[in-house]
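Have a look at the structure below, then the notes.
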Amino acid sequence: MNFVKRAGLSLWARKGRTLITFATFLVISVMVLAGILIDDATARAELDAKRAVGAEVNLSMDMNVEGGGGQLQAPRVDAATVDELGALPQVQKYTYSVWDRAILKGAFRLVDGGQPDPMGPGGTVGMGVLDTSLLPDFRNGTFTLLSGRHLTAADKDTKQLLVEERLARKNGLAIGAKITLTGNDEKTTADFTVAGVYRDPRPSTESDPEYGINPANMLYGAVGGLAALGTGGNGPLQVGEATFLLQDADVQDAFKSAAQRVAGAALDGFTLDANDKAIQQMTGPLRSIRSTATVAMWLMGLAGAAVLALLTNLAVKQRRKEYGVLLAMGEKKSKLIAQQALEIVLVAAVAIGVSSLFAPALTQRAGQSLLGREATAAEQKISSWQPPAPGSTGLDQGIDWNDEPIDNADPVDEITVALSPTDLAAVGGVGLAIGLLATAVPAGAVLRLTPRSILTKGA
5 MNFVKRAGLS LWARKGRTLI TFATFLVISV MVLAGILIDD ATARAELDAK
55 RAVGAEVNLS MDMNVEGGGG QLQAPRVDAA TVDELGALPQ VQKYTYSVWD
105 RAILKGAFRL VDGGQPDPMG PGGTVGMGVL DTSLLPDFRN GTFTLLSGRH
155 LTAADKDTKQ LLVEERLARK NGLAIGAKIT LTGNDEKTTA DFTVAGVYRD
205 PRPSTESDPE YGINPANMLY GAVGGLAALG TGGNGPLQVG EATFLLQDAD
255 VQDAFKSAAQ RVAGAALDGF TLDANDKAIQ QMTGPLRSIR STATVAMWLM
305 GLAGAAVLAL LTNLAVKQRR KEYGVLLAMG EKKSKLIAQQ ALEIVLVAAV
355 AIGVSSLFAP ALTQRAGQSL LGREATAAEQ KISSWQPPAP GSTGLDQGID
405 WNDEPIDNAD PVDEITVALS PTDLAAVGGV GLAIGLLATA VPAGAVLRLT
455 PRSILTKGA
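Taking the working numbering, the leading residue of the sequence shown gets 5, the next gets one more, and so forth.
See below:
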């Protein structure tokens, strides 16, 4: 009788042991498959989150670098150098900004509200921007462009502005209207054209936390045009920070290397950091359930493997007499081991097949339940964060500005589990490896003995 037929008869004759082995393999298969499915589903969700946010790198002051006398010195870099970085092939768009006081002249008036004259009579913030569409508040939807267009690099040296709708309404400004501004020196004056009107949802009574002005009075203009009003208008334009929107999240390292090569020492005192705070906020729950699923998979898999090893070890010892008889009849040891392995393979294959029928649905429900709880906890943490009072750093209250939530970056609360042939192959490989190892070790130990010693001594 060949060993394949003997394997089938053995499984049928030992139905109880076969069912126990099947149940053990089924638990192992379900847990391993669930872990793999959750890992795949969270990886896809993280990739979707990265694509939704986009790949962004910020050039900003390196806070770990101190200037002379232990005082932090704000570094500056020529705008021409930043333009070179913006021309690198990894960059899709880029922007930088400079600001200074701008004073409304003539019949133009600021919107009332907030702190009284934080920039002096008629003074407000003139924010020169290379590309206003890349400003965080426009990108995340907080600000809305109501009419006109965004300012781009093509407008760099023009005298054009974006004005808030309340300021536009108070002064009767429409697209194409002229507004006169005076620079911080209170001497340099120029006429600017309104290129767009935007909406800032913050109330006029709420002062901007950084500049102290009424948010309705913030002016965004072409960087070169506004810089010409500033006190440093006669020298080359210099900036303290910039933002680069890359073609893809995977080219961040290539961009950083190229930027260091192109700019060299000009970037001393600066750091190039990926703005992945929004991604971290969105994918936090995903990482949590992935780690939970991985730990559960290993614990249950190892426990199942231990039980399977005990079962197979016991089964092999119970079959010592069978082995002795077969060996005495001239059967090769290799075929006996092959028979035992085949029995395990058959049971494992059926268990893996059965697990693939219901494991995806079970994993979807369990994973979604875990993710829902983690996402709810993350959202509660985000909603409970409060900034310090105006004028306070928050350090004395234990408030860390790095914990400030990112708007429109809600934690991911949904995953989609999908079974692929690769997943099934991975589970099959793990299950078979466990089964074969658990079978081969005790079987090999028995078969190293002679038929005589097996039959007479039973060991």
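All residues carry an ideal CB built from backbone N, CA and C; glycine is no exception.
Counting along the chain, glycine 228 sits inside the alpha helix (DSSP H) bounded by residues 227-231. Alanine 345 sits away from phenylalanine 26, with the two beta carbons spaced by 8 Å or more.
Taking each of Leu37, Trp16, Arg21 in turn and checking the Cα distance to alanine 370, the smallest one comes out for Leu37. In the DSSP annotation of this structure, phenylalanine 259 is not part of any beta strand (DSSP E); the continuous alpha helix (DSSP H) holding it starts and ends at 256-267. Counted as a single uninterrupted DSSP element, the stretch harbouring valine 86 is not any beta strand (DSSP E) but the alpha helix (DSSP H) occupying residues 83-90.
Beta bridge pairing from DSSP links glutamine 164 with Thr197. Within the region 83-161, the complete beta strand (DSSP E) segments at least 3 residues long are 95-108, 127-133, 148-152, listed from N- to C-terminus. With respect to the 8 Å criterion, valine 129 and leucine 171 are not classified as neighbours on the basis of their beta carbons. Pairing leucine 290 with valine 416 gives a Cβ-Cβ distance under 8 Å. Put simply, of Glu169, Gly180, Leu51 the residue whose alpha carbon is nearest the alpha carbon of proline 205 is Glu169. Comparing alpha-carbon positions, the option among Leu92, Val227, Ala178 lying closest to phenylalanine 248 turns out to be Leu92. Take alanine 231, set aside five residues on each side of it, and the residues of its chain with a beta-carbon closer than 7 Å to its own are Val102, Gly132, Gly237, Leu241, in chain order. Classified as buried, glutamine 285 has 16 or more neighbouring CB atoms from the shown chains inside 10 Å of its CB.
Bounds of the alpha helix (DSSP H) holding lysine 174 are 169-175. With the rule of 3 Cβ pairs closer than 8 Å, the region 252-270 does not count as touching the region 207-214. Beta-bridge analysis with DSSP links asparagine 62 to Thr247, Asp277. Under the rule that a run must span 4 or more residues, the alpha helix (DSSP H) segments found entirely inside the region 295-336 read 324-332.
Straight through space, the alpha carbons of serine 373 and leucine 138 are spaced by roughly 36 Å. Taking C-alpha positions only, phenylalanine 142 is separated from leucine 166 by approximately 12 Å. The shortest CA-to-CA distance from leucine 318 to any of Arg21, Asn6, Ala17 is the one to Arg21. It is roughly 28 Å from the alpha-carbon of lysine 19 to the alpha-carbon of leucine 366. Secondary structure at arginine 80: coil, using DSSP grouped into helix, strand and coil. Around the C-beta of glutamate 418, fewer than 16 other C-beta atoms lie within 10 Å, and the residue is accordingly described as exposed. Just so you know, the alpha carbons of aspartate 414 and arginine 377 end up roughly 14 Å apart. With contacts defined as CB atoms closer than 8 Å, alanine 59 and alanine 262 fail to qualify as a contacting pair.
Annotation: the continuous beta strand (DSSP E) that includes leucine 185 extends over 182-186. Residue Ala270 holds the alpha-carbon nearest to the alpha-carbon of threonine 85 among Ala270, Val227, Thr28, Ala282. In terms of Cβ geometry, lysine 160 and valine 201 do not form a close pair [threshold 8 Å].
Take alanine 157, set aside five residues on each side of it, and the residues of its chain with a beta-carbon closer than 7 Å to its own are Leu134, Asp135, in chain order. Contact annotation, alanine 282 with isoleucine 438: C-beta distance approximately 41 Å; criterion of less than 8 Å not satisfied.
Counting the other CB atoms within 10 Å of its CB gives methionine 35 a total of 16 or more, which places it among the buried residues. Assignment of leucine 13 by DSSP, reduced to helix, strand and coil, places it in the helix class.
Around the beta carbon of methionine 333, a 10 Å sphere encloses fewer than 16 other beta carbons of the protein chains shown; the residue is thus reported as exposed.
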